[in-house]
Structure formats: C-alpha cells, structure tokens
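Adding 5 to a residue's 1-based position in the sequence shown gives its number in this note's numbering. The beta carbon of each residue, even a glycine, is placed where N, CA and C say it ideally should be.
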Amino acid sequence: MPTPPKYVVVTGGVISGLGKGVVTASLGTILQAQGYQVSMVKIDPYINIDAGTMRPTEHGEVFVTADGGETDQDIGTYERFLGKDFSKKNNITTGQVYQTVIRRERNLDYDGKCVQVIPHIPMEVERRLKEIGGGADFVIVEVGGTIGDYENILFLEAFRNMHLRGERIAFVHVVYLPVPKNLGEMKTKPAQHSVRMLNEAGIQPTFIIARSEDFIDDVRKEKISTFCNVKPDHIIADPDTDTVYEMPLIFHRQGLTKNLLDFFGLPTKDGLGAWEQFVQKIKSPHHEVKIGIVGKYFDIGSFTLEDSYLSVIEAVKHAAWHHQAKPRIQWLNAKEFEKNPVSLSSLAQYDGIIVPGGFGATGVEGKIAAITYCREQRIPYFGLCYGMQMAVVEFARNVCGLKGAHTTEIDKHAPHPVIDILAEQRKNIEESNYGATMRLGEYPATLKAGTLVHRLYGTQVAKERHRHRYEVNPAYIDRLEKAGLNFSGVSADRKLMEYIELPDHPFFVATQAHPEFTSKALKPNPLYLGFIRACLERRAAPVAIPSHR
Ligand code: GLN
C-alpha cells in the first residue's frame, strides 16, 4: 500500500490579492527541492465549471492545461514554479463539485439516501483530492477567496473533517499586516480576527505567513503567536520583493522548509539547488531588453492588464533572464495606432514586438498596422494565436494584394476570408455552446526542416497548447506561400497551419498556439528564447529606421 499523501492547505485572510498563489507555489517548490513528489490543487469557490467563461480583465488570465482545461491562472503559477504540467483536475470549482453530486444523485448512486450539502459536498471534495493526490507525497491545496466568505466554507469543512479523521494536514494561513501611514507601525489585529474566523470553521492554523511591506519583527511575531495560538517560529514573513521567484528562498531562509517537514516528522536536506542560481541570475542582469506588447483592454488599469496576460509576461521574463537580460515590458494600445498612425514609428524604440492572443474587433486594425511596421522595418515580431491570425491577414492584404482580407471572426463577409472558423466550431457558436468548446489543450505540430522554428525547438515535432476557434483558411495557403509566407509547422493531419515565419526577416514568427503556457521558470519556452535572442541582437546592432514611412 502506498502511504497516503500529506496535505498542506493554504487559506487567506484580511484582504484578497495577497499573492496566495505565489505562497502556495513556493511551498510546492521548497518541498519538491527536498526530493518529494508534490501535487498542487487550486480550489475556486465559484459556480462556474471552469475559468473559460470568465472575463480575464476581471478574473485574470485563463490558463490552459495540456489536457485542455481552462483553469485559474494560479495553475499557471504552479507549473512555472514547479516545472511540471498539471491536469485540469488540479483546479476544483464549486460548480464541478455540485455537478458531480447532482449527476450521481440522478444515477441513484446514493442508494436512496437524502443527498445533503453536508456531508455529501465535502465528501465529493475529498474524493477529488484523493484522486489528484494519488502517488504524491504532498498535496498542496490553495483555497481561493478570503476567510469569512460564505462560498469557501464547504471546502474548509472538507479539510476540518479530514483532519478530524487523522489525515496529516498542515494549515497555512496567509494574513496581511497593514502599516497605516499615520502610525508607521505594522498592525496585527486584522490578522488576529481572520484567525478567529478560521477557528470558527474548526481549523487551527499550523503556520502563519505574514504578508506585509517588510519583514515582521519579533514583537509582532510574539503578539501573533500569543493571540493566534501559533508557535513563533511558525510565523513566516512574506515581504514585498522585486520578483516573486525569490519567495521560495525567503521562506527557506526563515526555516519554513525545516519547520514544515519537522511538523510531518520528516528530515530536511539543505539548500534549494538550482533555484538559488536562478534567482541570482535574475538579480545580476548584464543587459536590458525592451519588449512592446500591442493589445487592448487599456481602460482597466495596468495591474489588471498584466494579470490578463500573465503567462506571456512570465514567458518573456524567463527567456530574458536566461539570456541574462533585464526585461522591460511596455503595453502599447492598439487603438492608439488606429487613431494616430504616425505613432507607429514609436515601435522602432523597442527591441521586439508581441501581438498576443485576443478576441473581437477592438484595436484589430491597430494590431495589423503594427505588424506591417515590424515586417517592413525588420523589427523582431512574435505573434501568439490572434497575433498569428492578424499577421496572416496583414500579409494577405499588403503582400498578396488581397484587398479586404480578414478573419471571419470580425468580417463575416470578407471578400478574402483568410482566417475562418472550423465547421464544428461554427456549430458550437450557432448553438451558444461556449463552455470548453474551443480547440483546447496540447496538440503536436510537425515542423518543416530548415525553418527557424525547427531550429529553435530542435525537434521535428513541437507540442504546444491551444485556445481558439479560427484557423488559416486552407483555400488561401497556396497563394500566401507563393508570396513568401512560410508555413513552418502544421498539425499532424497537415490540415491546420500552426506556425508561420518570414525567411528574410531577423525574426518574424507567429504561432496558432500559446507557447507561453509551457514556459517554466527554469526551462523557458524555445520560441520565446529565440525571440529574445533576436531582440538582443537588434539591440546590439540596430537597423537604421527611417523616421516615418
Ligand atoms: N479569437 C481567435 C480565435 O478564436 C484567437 C484566439 C486567441 O488568441 N486565443 O481563433
């Protein structure tokens, strides 16, 4: 019999937005560095079955797993930190739990019993955790939301119950210690109240992570220890840092690894291995690289904007750090290029331009104009999903002379529908069947020998994750190819165009996939690495740019 996994359950108190995802990922990282098999779970207490139907500008990026799940962005954080791929099953929502319980009730699976919120909902939560945790030494679970929310109580009930029945669980509560300006002193009262609320749910925290601007001092540590009933050396500071990737080190240096393993009666080895060198590299860049991301959603503030494109930003950072460069990322409003075409020349100051994934008509002509500028002025261009579709539209219009070429997502009656919807996708839209119906998850692409993408991947087959409904229209492939657009990677059945590139351009590569979803902190994605290298080459030897064409 394999030993059952041990659980580390992370809850949050006081305010939302504490970076619980990073804390949870850091706990996974330090345990994994000790040689343990770690599985990660994010619990989202909303009714949605998955994150796919939620607006990224309100809920953050929709992260796509290899098995085609549209999950919370925290799953992405776990994958990047741990360097592992997780399943859609690692993201549990209230909607999924209720859906299963109701389906089982309809199937008479409960033997004529009255099916009740308690115990049947927590029991289904537990069943899912056990399924995910099979074979792992540790299952680290992040409970979404904040203590005191009505909606996460049934999940806490599951853990209270498991703990009562002897499961090995360390409860880690992340609190916020505000420093009011007029007092200039770290206050612990809101943290004390949130621990009390956790106690009301029948849970006593084993560890407290004290999120604040600074490290917590001994006086406050003692206070929290006394009032929250947690050992002083189980109270760990979580101060502001330049990079979230430093958190595993900060936790480890405060003894969290040792204390956590002591709690479970397990020995500790020293150090964090490769992670230390990685953070050292982040902190000692040799040069800089300046990337412009042309997008929309500018009316929502830059914080939310960054959350909507989290994986793209992190993938750029991983690749830049790998090349010992400090990444400087600038958001460029596509709508601005539409209103004011002269502003396109401002693109010349960047080492490279990205047009990321997207949906709908907003800013599309601005994106296309930016792509024209990069193509003509030989600025490294990297297109992701919509960014590839727009590059194909641009090429069709301006190189093939196909006037009015477009995607049918925007112009249903385009004279040249170079990007079009697949038949089965058209049916989904007609039936308003939107949830989890896109082309989702990992698909292999065969790469053409001798192309740049082939060189960058170093393999004949590349596997990347997808999330889209539209494709390059096969009726136009010949014409586009004859005009010089190289379809450098195609789907296994050769029907779908997965990569494009322009042979005589320093770097003009786009893909129908989202390679950012496979970029890991210690293992950047090969396409991002190639793009950043081209950007650094441009920086070292910039091409002369005419002021405006
Ligand atoms: N809107 C496009 C499609 O559905 C692109 C999607 C994306 O960029 N993820 O095909």
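Asked: Of the residues D142, E414, G117, the one placed nearest Q37, counting alpha carbons only; Found: D142
Asked: Continuous alpha helix (DSSP H) stretch holding L254: start and end; Found: 252 to 258
Asked: Proximity to R499 [Cα-Cα], best of C540, P449, Q382; Found: P449
Asked: Per DSSP, cross-strand counterpart(s) of E469; Found: Y448
Asked: Supposed close pair V46, I97 - CB separation, criterion 8 Å; Found: 6 Å
Asked: Sequence ranges, alpha helix (DSSP H) only - wholly within the stretch 240 to 299, length at least 4; Found: 252 to 258, 261 to 268, 279 to 288
Asked: Residue range of the alpha helix (DSSP H) that includes S350; Found: No alpha helix (DSSP H) contains S350, which DSSP labels as neither H nor E.
Asked: Alpha carbon of Q197 to alpha carbon of L203, nearest angstrom; Found: 10 Å
Asked: L261 and I241 closer than 8 Å at C-beta; Found: yes
Asked: Cβ-Cβ separation, T451 to A3 (assumed contact under 8 Å), whole Å; Found: Since the displayed the chain opens at 6 and closes at 554, residue 3 lies outside it and no answer follows.
Asked: N- and C-terminal bounds of the alpha helix (DSSP H) containing L32; Found: 25 to 38
Asked: First and last residue of the uninterrupted beta strand (DSSP E) at V477; Found: 475 to 477
Asked: Same chain, Cβ closer than 7 Å to T82, neighbours up to 5 away in sequence not counted; Found: G26, V27, A30
Asked: CB of L445 within 8 Å of CB of R472, strictly; Found: yes
Asked: Exposure label - S289; buried when at least 16 CB within 10 Å; Found: exposed
Asked: Same chain, Cβ closer than 7 Å to C540, neighbours up to 5 away in sequence not counted; Found: V294, I296, D356, G357, P385
Asked: Start-end ranges of the beta strand (DSSP E) lying completely within the stretch 95 to 134, minimum 3 residues; Found: 96 to 98
Asked: One or two residues paired with Y181 in a DSSP bridge; Found: R216
Asked: Distance cut-off 7 Å: F522 Cβ against heavy atoms of the ligand GLN; Found: no
Asked: Extent of the continuous beta strand (DSSP E) run through H411; Found: 410 to 412
Asked: Close Cβ partners of G74 (< 6 Å) along its chain, the five nearest in sequence each way excluded; Found: K93
Asked: Proximity test, Cβ basis, 8 Å: Y448 and chain B; Found: Judged by its chain identifiers, the structure shown contains no chain B, having just a single protein chain.
Asked: In DSSP terms, what Q555 is bridged to; Found: Look at the range of the chain in this structure, 6 to 554, and you will see that residue 555 is not part of it.
Asked: CA-to-CA distance, K186 to I1, given in whole angstroms; Found: Nothing in the structure corresponds to residue 1, since the chain is present only between 6 and 554.
Asked: C233: CB within 7 Å of a non-hydrogen atom of the ligand GLN; Found: no
Asked: For N95 and Q394, the rounded distance between their alpha carbons; Found: 31 Å
Asked: Reference A454; option with closest CA among F492, H418, E436, E205; Found: F492
Asked: Candidates H411, P420, R333: closest to I359 by CA position; Found: R333
Asked: Identity of the residues DSSP links to H421 by a beta bridge; Found: A410
Asked: Helix, strand or coil at D49 [DSSP, three-state]; Found: strand
Asked: Which of helix, strand or coil DSSP assigns to H553; Found: Reliability of the predicted coordinates at H553 is poor, the pLDDT of 40 falling under 50, and the value obtained from them is presented with this limitation in mind. Three-state result, H553: coil.
Asked: L161 (DSSP reduced to helix, strand or coil); Found: helix
Asked: Reduced DSSP secondary structure (H/G/I, E/B, other) of V67; Found: coil
Asked: Other residues of its chain near I550: CB distance less than 7 Å, five sequence neighbours each side excluded; Found: Bear in mind that the predicted position of I550 carries a pLDDT of just 45, short of 50, making it too unreliable to give a figure here.
Asked: Nearest candidate by alpha-carbon position, reference P420, set I426, E506, G409, F212; Found: G409
Asked: Exposure of E136, with buried meaning 16 or more beta-carbon neighbours within 10 Å; Found: exposed
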